[in-house]
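For the sequence shown, the working numbering assigns the number 1 to the initial residue and increments by one for each residue that follows.
We treat Cβ as the ideally placed atom computed from N, Cα and C, and that holds for glycine.
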Amino acid sequence: MSQHSEIEWTDATWNPVRGCTKITPGCTHCYAETFAERFRGVPGHPYEQGFDLRLVPEKLAEPLRWKTPKMIFVNSMSDLFHQDVPDDYVLNVARVMQTANWHTYQVLSKRSERLRDMLQTTLSAAAAEPHIWWGVSVENRKHGLPRIDHLRAAPARVRFLSIEPLLEDLGEINLEGIHWVIVGGESGAGARPMQKEWVISLRDQCERALVPFFFKQWGGVRKSAAGRELDGKKHDQLPSRVSLPVMDNPRRQAAIAEIEALYQPAAP
Ligand code: SF4
Numbered sequence: 001m002s003q004h005s006e007i008e009w010t011d012a013t014w015n016p017v018r019g020c021t022k023i024t025p026g027c028t029h030c031y032a033e034t035f036a037e038r039f040r041g042v043p044g045h046p047y048e049q050g051f052d053l054r055l056v057p058e059k060l061a062e063p064l065r066w067k068t069p070k071m072i073f074v075n076s077m078s079d080l081f082h083q084d085v086p087d088d089y090v091l092n093v094a095r096v097m098q099t100a101n102w103h104t105y106q107v108l109s110k111r112s113e114r115l116r117d118m119l120q121t122t123l124s125a126a127a128a129e130p131h132i133w134w135g136v137s138v139e140n141r142k143h144g145l146p147r148i149d150h151l152r153a154a155p156a157r158v159r160f161l162s163i164e165p166l167l168e169d170l171g172e173i174n175l176e177g178i179h180w181v182i183v184g185g186e187s188g189a190g191a192r193p194m195q196k197e198w199v200i201s202l203r204d205q206c207e208r209a210l211v212p213f214f215f216k217q218w219g220g221v222r223k224s225a226a227g228r229e230l231d232g233k234k235h236d237q238l239p240s241r242v243s244l245p246v247m248d249n250p251r252r253q254a255a256i257a258e259i260e261a262l263y264q265p266a267a268p
């Protein structure tokens with residue numbers, strides 16, 4: 001979407017892929033789909049093709065243009081590990097993240113098996129970077145808990161869980177090797193309710209395991225009225241971020257040109 005984000009736990013969003021397909025109950029009220037479909041058929045709009053998946057190579061170099069270090073949510077409008085995103089495109093997204101290393105990246109997926117498989121092999125260098133955080137979505141026991149095991153099996157330096165929308169009590173979860181937990185309820189029309197005890201259980205488990213805990217929102221039909229306090233306070237913990245210098249201008253411009261050259265149409 002843009003340089004600025006309304007999402008509570010990030011500064012900016014970067015969408016080198018747009019569109020996705022639903023796979024599990026956490027997708028039922030996908031905000032990205034609702035947003036994208038509003039613009040289907042609007043000529044020239046970035047979402048003219050609605051929520052159909054498509055690569056956006058002209059967006060690839062975007063983080064290299066941002067000189068101020070940001071926390072960047074990668075593909076807020078898609079899933080980088082969707083089966084229709086080719087391996088070499090995923091590798092080029094990772095290449096940009098590794099080059100523009102003055103930012104911190106949050107890569108969140110529901111396709112946790114492909115994430116694991118690529119981090120174990122072709123993405124192993126990106127997996128080892130402290131400024132790239134790899135995460136999986138967890139909405140319930142059946143679909144969410146196996147994703148935590150897939151993530152744990154990936155050799156990522158920083159692993160996180162986005163437990164949102166939390167749809168049921170997850171019980172005791174294994175937090176070994178997990179470095180951050182975000183929890184939130186669903187918001188908007190038809191939002192499925194989240195019980196306070198489910199959130200308290202996760203917060204207490206994170207406290208015991210010394211895992212930073214971020215409570216995003218209660219959600220509900222009127223999200224702002226429900227707020228984001230839990231037991232009278234906000235929970236805004238994050239993993240510690242590395243701080244690396246911004247690349248000088250000539251090298252940055254050269255890096256942008258290299259990335260842009262990857263997807264230039266062939267000369268006639
Ligand atoms: S995986 Fe994410 S972006 Fe894709 S449909 Fe599900 S909620 Fe939406």
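For residue i, the nearest candidate out of the options (CA to CA)
{"i": "H131", "options": "R159, P250, L167, E37", "result": "R159"}
{"i": "A254", "options": "P16, R65, H103, G220", "result": "R65"}
{"i": "L145", "options": "R40, P63, E172", "result": "E172"}
{"i": "H235", "options": "K142, I182, R147, Y263", "result": "I182"}
{"i": "C27", "options": "S137, D87, S124", "result": "S137"}
{"i": "V242", "options": "W133, N249, C206, K216", "result": "W133"}
{"i": "P155", "options": "L115, T21, R203", "result": "L115"}
{"i": "T21", "options": "E8, T10, R54", "result": "R54"}
{"i": "R141", "options": "I163, R152, A153", "result": "I163"}
{"i": "E8", "options": "Q237, N249, R152, L202", "result": "Q237"}
{"i": "R208", "options": "G188, E176, A191, E113", "result": "E176"}
{"i": "H29", "options": "L202, T10, S187", "result": "S187"}
{"i": "R104", "options": "T10, D88, G190", "result": "Sequence inspection shows Thr at residue 104; the Arg mentioned does not correspond to that position. Answer by Cα proximity: T10."}
{"i": "S112", "options": "A125, D88, H150", "result": "H150"}
Burial state of residue i, where buried means 16 or more other Cβ atoms lie within 10 Å
{"i": "R251", "result": "exposed"}
{"i": "A100", "result": "buried"}
{"i": "T121", "result": "exposed"}
{"i": "L161", "result": "buried"}
{"i": "T68", "result": "exposed"}
{"i": "Y31", "result": "exposed"}
{"i": "P193", "result": "exposed"}
{"i": "K233", "result": "exposed"}
{"i": "G44", "result": "exposed"}
{"i": "V221", "result": "exposed"}
{"i": "G41", "result": "exposed"}
{"i": "P165", "result": "buried"}
{"i": "G185", "result": "buried"}
{"i": "E139", "result": "buried"}
{"i": "Q195", "result": "exposed"}
{"i": "S224", "result": "exposed"}
{"i": "G135", "result": "buried"}
{"i": "K216", "result": "buried"}
{"i": "G19", "result": "buried"}
{"i": "L210", "result": "exposed"}
{"i": "I178", "result": "buried"}
Close-in-space but distant-in-sequence residues of the same chain around residue i (CB under 6 Å, 5 per side omitted)
{"i": "W102", "result": "P69, L244, V246"}
{"i": "V85", "result": "V17"}
{"i": "W180", "result": "F160, P212, P239"}
{"i": "T24", "result": "H143"}
{"i": "G50", "result": "A36, E37, R40"}
{"i": "W218", "result": "G185, A226"}
{"i": "E258", "result": "none"}
{"i": "A127", "result": "L119, P155, A156"}
{"i": "R152", "result": "G177"}
Nonlocal neighbours in the same chain, by C-beta distance under 7 Å from residue i, ignoring five residues either side
{"i": "I256", "result": "A61, L64, R65"}
{"i": "M1", "result": "Because the pLDDT at M1 is just 41, under 50, the model does not fix this residue reliably, and the value given afterwards should be weighed accordingly. Contacts found: T13, N15, S76, M77."}
{"i": "N174", "result": "I148"}
{"i": "D204", "result": "none"}
Own chain partners of residue i with C-beta closer than 8 Å, once the 5 adjacent residues on each side are dropped
{"i": "L123", "result": "V90, L91, A94"}
{"i": "Y263", "result": "P57, E58, L60"}
{"i": "E129", "result": "M97, Q98, N101, R157"}
{"i": "W198", "result": "L166, E168, D169, L170"}
{"i": "E48", "result": "F39, R40, G41, V42"}
Chain D within 7 Å of residue i, Cβ atoms only
{"i": "R252", "result": "Although the question refers to chain D, the structure presented lacks it and comprises just one protein chain."}
contact_flag[the stretch 66 to 76, the stretch 35 to 45] where n(CB pairs < 8 Å) is 3 or more
no
Any contact of the stretch 219 to 234 with the stretch 77 to 95, i.e. 3+ C-beta pairs under 8 Å?
no
Taking 5 Å as the limit, tell me which residues put their C-beta closer than that to any heavy atom of the ligand SF4, in chain order.
C20, K22, C27, C30, A32, D79, K110
Contact the stretch 76 to 86 vs the stretch 104 to 124: 3+ CB pairs below 8 Å:
yes
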